[in-house]
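Asks:
Number of protein chains: 2
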Amino acid sequence: MALLTLIAGEPRSGYDIGQEFDGVLKFVWHSKPTQVYPELKRLAAEGLIREQGEGPRGRRPYEITEDGQSELRQWLTTTAPDHSLRNETVLRSFALWLVEPEEARAFLSSELEYHRIRLRGMRVLTQGLDLGNPNGRAALLGLEAGVRRLEAMISWAEWAIETVATWPTQEEQTSA
Amino acid sequence: MALLTLIAGEPRSGYDIGQEFDGVLKFVWHSKPTQVYPELKRLAAEGLIREQGEGPRGRRPYEITEDGQSELRQWLTTTAPDHSLRNETVLRSFALWLVEPEEARAFLSSELEYHRIRLRGMRVLTQGLDLGNPNGRAALLGLEAGVRRLEAMISWAEWAIETVATWPTQEEQTSA
DNA sequence: AGTATCATGTAAGACGTTACATGATTAC
DNA sequence: GTAATCATGTAACGTCTTACATGATACT
Chain E
3 MALLTLIAGE PRSGYDIGQE FDGVLKFVWH SKPTQVYPEL KRLAAEGLIR
53 EQGEGPRGRR PYEITEDGQS ELRQWLTTTA PDHSLRNETV LRSFALWLVE
103 PEEARAFLSS ELEYHRIRLR GMRVLTQGLD LGNPNGRAAL LGLEAGVRRL
153 EAMISWAEWA IETVATWPTQ EEQTSA
Chain A
3 MALLTLIAGE PRSGYDIGQE FDGVLKFVWH SKPTQVYPEL KRLAAEGLIR
53 EQGEGPRGRR PYEITEDGQS ELRQWLTTTA PDHSLRNETV LRSFALWLVE
103 PEEARAFLSS ELEYHRIRLR GMRVLTQGLD LGNPNGRAAL LGLEAGVRRL
153 EAMISWAEWA IETVATWPTQ EEQTSA
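The listed protein sequences correspond, in order, to chains E and A.
Here the numbering used here runs 2 ahead of the position in the first sequence, where the first position is 1.
Here the numbering used here runs 2 ahead of the position in the second sequence, where the first position is 1.
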């Protein structure tokens, strides 16, 4: 459905999709090229997308078919989203009591920096959106969700760094 | 590492871990029981956790070993977290231009409600934390991240509902 | 001429889900 | 006594990653 969503927006090749997965969609959906290419062939075989001839360097862009569009609409209107998530940054924070406060601080600082950089990139992408067409307006929804989640992670990391600063060291712990 | 993190906090059985995955950790890490049980056996075979005898109803709690703790510390201090995420709610928002604004609104409203309920649950869990021990203090970091991300999703959904209300209908679109 | 980037793939193995199966204890 | 919940598992199948492989075009 992620591939179908991207291709519905505008025709894309497997390579294009890989770029999106490394860029905008890194916080939304991600797959590696080795999964994308066979999956595109499968979607084409099912008639949900169709090859648009061949571009330079063996490039193979796909466009969505009518069947593909109605499949997407069905997915959106008749099925419920899966809300289970995985976030390794937060998972690790549950285990931070096992390391020295200084190591915990180092981890949180590097996460803070990473998310700040990502937020800047996300804002740039938001600027580049064409809000004149429906696809661009929907993409704005997605990017805005990304921005807000990144802001949440940044303020969390800042708060967490302050909080960890008040933790006793392992030594103080055991001696207490 | 998720299993190890949970067991490091306090001894747990596969069933306990399943409860956590359905509760607190739903927004952090998730696995199904059929993956958890064999994985626990594997971790025990590797000496990272150890069985604590058998409880009522065939219950098998595991506790972490010294090796398990140092494995966790290694993971935290020597490896970088994977930042790629998957969020089906946001993915779907990228495709919302394909359905009628009313259907988009319905989707966003139901997401809003879902996240509001989750936030309430998360706040209750935060109250129940024992901040007297290091494990509880680290769990507070994780839960606070959950709270902030849920708040971000809620404010996003509210904003998105207003935004979608300004979208032209498919009909207005095609006639324009 | 050489390096970087564009571009697509296959095969093996690891990870994760679905369907199925079983039994103990508790609450009504 | 019957339903709900607690509790653990196996087997088959589907999804995803890692390692490997190839070639075209653009830039310097």
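Glycine is no exception: its CB is placed at the ideal position from the N, C-alpha and C atoms.
Model, not experiment: these values are computed from the prediction.
1) What is the C-beta distance between E65/A and I9/A, in whole angstroms, given that I count them as a contact (C-beta under 8 Å)?
2) For R125/E, is the classification buried or exposed, using 16 other Cβ atoms within 10 angstroms of its Cβ as the cut-off for buried?
3) Can you confirm whether V126/E, when its beta carbon is compared against all beta carbons of chain A, has any partner nearer than 8 Å?
4) Closer than 6 Å by C-beta to V30/E: which residues in its own chain qualify, once you throw out the five before and the five after it? Chain order, please.
5) For a contact defined as C-beta to C-beta under 7 Å, what are the partners of D84/A on chain E?
6) Ignore the nearest five residues each way along the sequence and tell me which others in L152/A's own chain have a CB closer than 7 Å to its CB.
7) What residues match up with I19/A in a beta bridge as DSSP calls it?
8) List, in chain order, every chain E residue whose beta-carbon is nearer than 9 Å to that of T165/A.
9) Give every residue of the same chain whose Cβ lies closer than 6 Å to the Cβ of L45/E, excluding the five residues on either side of it in the sequence, and list them in chain order.
10) Within 8 Å (strictly less), CB to CB, does P136/E reach chain A?
11) Which chain A residues are close to V28/E, counting only those with a beta carbon under 9 Å from its beta carbon?
12) At the 8 Å Cβ level, is V181/E part of the contact set with chain A, yes or no?
13) From the beta carbon of L42/E, is the nearest beta carbon of chain A less than 8 Å away?
14) Nearest-angstrom Cα distance between A154/A and V38/A?
15) Consider the Cβ of E68/A: report whether some Cβ of chain E lies at a distance smaller than 8 Å.
16) Using 8 Å as the threshold, is the region 72 to 83 of chain A in touch with the region 99 to 109 of chain E, meaning 3 or more CB pairs across them?
17) By DSSP, does R120/A sit in helix, in strand, or in coil?
18) Using a threshold of 8 Å, state whether the C-beta atoms of L143/A and S95/E are closer than that.
19) Measure the C-alpha to C-alpha separation of I163/A and T36/E and round it to an integer number of angstroms.
20) Starting from R94/A, find everything on chain E with Cβ-Cβ shorter than 7 Å and list it in chain order.
21) Between L110/A and V166/A, how many whole angstroms is the CB-CB distance? I'm expecting something under 8 Å.
22) Note down, in chain order, every chain A residue with its Cβ under 7 Å from the Cβ of L74/E.
23) Is it buried or exposed for L5/A, if we count other Cβ within 10 angstroms and need 16 for buried?
24) Quick check on I14/E: buried or exposed, where buried means 16 or more other Cβ atoms within 10 Å of its Cβ?
25) Which value, in whole angstroms, describes the spacing of the CA atoms of A97/A and A147/E?
26) Taking 8 Å as the CB-CB limit, is E48/A close to chain E?
27) Could you spell out where the beta strand (DSSP E) holding E65/E opens and where it closes?
28) Could you name the residues of chain A that R150/E contacts, counting a contact when the two beta carbons are closer than 8 Å?
29) Who pairs with R14/A in a beta bridge, going by DSSP?
30) Let me check one thing: in DSSP terms, what residues is R52/A bridge-paired to?
31) So, for W169/A: in the same chain, excluding its five sequence neighbours on each side, which residues have a beta-carbon less than 6 Å away from its beta-carbon?
32) Give the straight-line distance between the Cα atoms of G134/E and A140/E, rounded to the nearest whole angstrom.
33) Rounded to whole angstroms, what's the CA-CA distance from G16/A to N89/A? Just pull it up for me.
34) The alpha helix (DSSP H) spanning K43/E covers which residue range?
35) Which same chain residues, not among the five before or five after G11/A, have their C-beta less than 6 Å away from its C-beta?
36) Tell me which residue opens and which closes the alpha helix (DSSP H) that N137/E is part of.
Replies: A quick look at the data gives this:
1) 7 Å
2) exposed
3) no
4) none
5) E90
6) H117, R120, L121 and M124
7) For I19/A, which the question treats as bridged, DSSP gives no partner whatsoever.
8) R139, L142, L143 and E146
9) I51
10) yes
11) Note that residue 28/E corresponds to Lys in the displayed sequence, not to Val. What K28/E touches in chain A: H85, S86 and L87.
12) A query on residue 181/E cannot be resolved here, the shown segment of chain E reaching from 3 to 178 and no further.
13) no
14) 31 Å
15) no
16) yes
17) helix
18) yes
19) 37 Å
20) L78 and P83
21) 7 Å
22) A97 and L100
23) buried
24) Position check: residue 14/E holds Arg in this sequence, whereas Ile was assumed. Classification for R14/E: buried.
25) 14 Å
26) no
27) Y64 to I66
28) A154, M155, S157 and W158
29) Y64/A
30) E65/A
31) P103
32) 11 Å
33) 26 Å
34) P35 to A47
35) N137
36) P136 to A167
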